[in-house]
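Numbering (our numbering), first residue to last: 3 to 251.
Here the structure comes first, spelled out in structure tokens, and everything after it is commentary.
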Ligand SMILES: [Zn+2]
Ligand SMILES: [Zn+2]
């Protein structure tokens with residue numbers, strides 16, 4: 003094939019320049035692009051010679067391929083995108099730049115850090131919640147009012163995943179709740195009065211709407227504590243009978 007038979011577009015030429023031939027050094031075994039950055043070029047023979055520049059006493063900075071980036075921790079060459087590197091946004095930097103550590107290394111580091119400092123982080127979290135209680139509850143309220151049903155659904159899911167946890171929490175903080183509502187007794191009753199005033203037949207409607215659910219729930223409860231209820235009713239009817247007999251005398 004004669005040279006003249008080949009026509010290369012500019013884009014193809016650029017592509018070839020960006021994807022150089024790779025050459026393995028016969029001394030250290032590492033592969034580098036066959037360019038003057040890594041190998042000496044012998045003009046008289048018109049070729050790149052072995053071994054690499056570093057093995058000949060020179061130092062060079064290994065550059066990543068076009069569109070790639072080295073992670074400074076694991077040293078692997080990854081695509082220079084936000085999928086592999088987190089975008090960092092310092093204050094004095096307008097557009098931000100990609101982090102020098104890849105995402106999986108960051109993840110690894112965060113995991114290790116949180117494991118090694120678990121107790122301290124737990125304590126810091128507690129302090130944060132205590133110091134920002136008002137902000138946190140305001141934010142939660144806002145989120146709740148945006149979509150109450152989704153919130154309830156999440157709570158239900160959590161309760162299903164952690165059976166008995168809600169009850170346990172209540173048992174552990176019983177006194178707190180008692181004190182809380184005791185201090186807000188009048189507030190609560192006023193609120194309830196107002197609430198039900200605006201919603202006549204609230205309870206009747208609720209029972210009508212939740213009839214089937216209540217039925218199945220009661221049944222479930224009875225089935226789970228069958229022996230207990232049997233004993234309970236037995237005792238109940240016994241005492242009632244005795245009271246009746248006594249009253250007859
Ligand atoms: Zn070498
Ligand atoms: Zn990495």
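Even glycine gets a Cβ: it sits at the ideal position worked out from N, Cα and C.
Just so it is clear, the structure is predicted and the values come from calculations on it, not from any experiment.
- Per DSSP, the unbroken alpha helix (DSSP H) holding residue 223 starts and ends at 213-226.
- Around the beta carbon of residue 17, fewer than 16 other beta carbons sit within 10 angstroms, so the residue counts as exposed.
- Here the distance from the Cβ of residue 75 to the nearest heavy atom of ligand 2 is below 6 Å.
- Secondary structure of residue 81 (DSSP, three-state): strand.
- Under the 10 Å beta carbon count, residue 204 is surrounded by fewer than 16 other beta carbons and is classified as exposed.
- Judged by DSSP secondary structure, residue 35 falls within the beta strand (DSSP E) whose first and last residues are 33-35.
- For residue 34, the number of other beta carbons within 10 angstroms of its own is at least 16, and it is reported as buried.
- Looking at the DSSP output, residue 71 bridges to 80.
- Its Cα nearest to that of residue 70, the residue 86 stands out among 76, 242, 86 and 58.
- Residue 37 has its alpha-carbon roughly 41 Å from the corresponding atom of residue 115.
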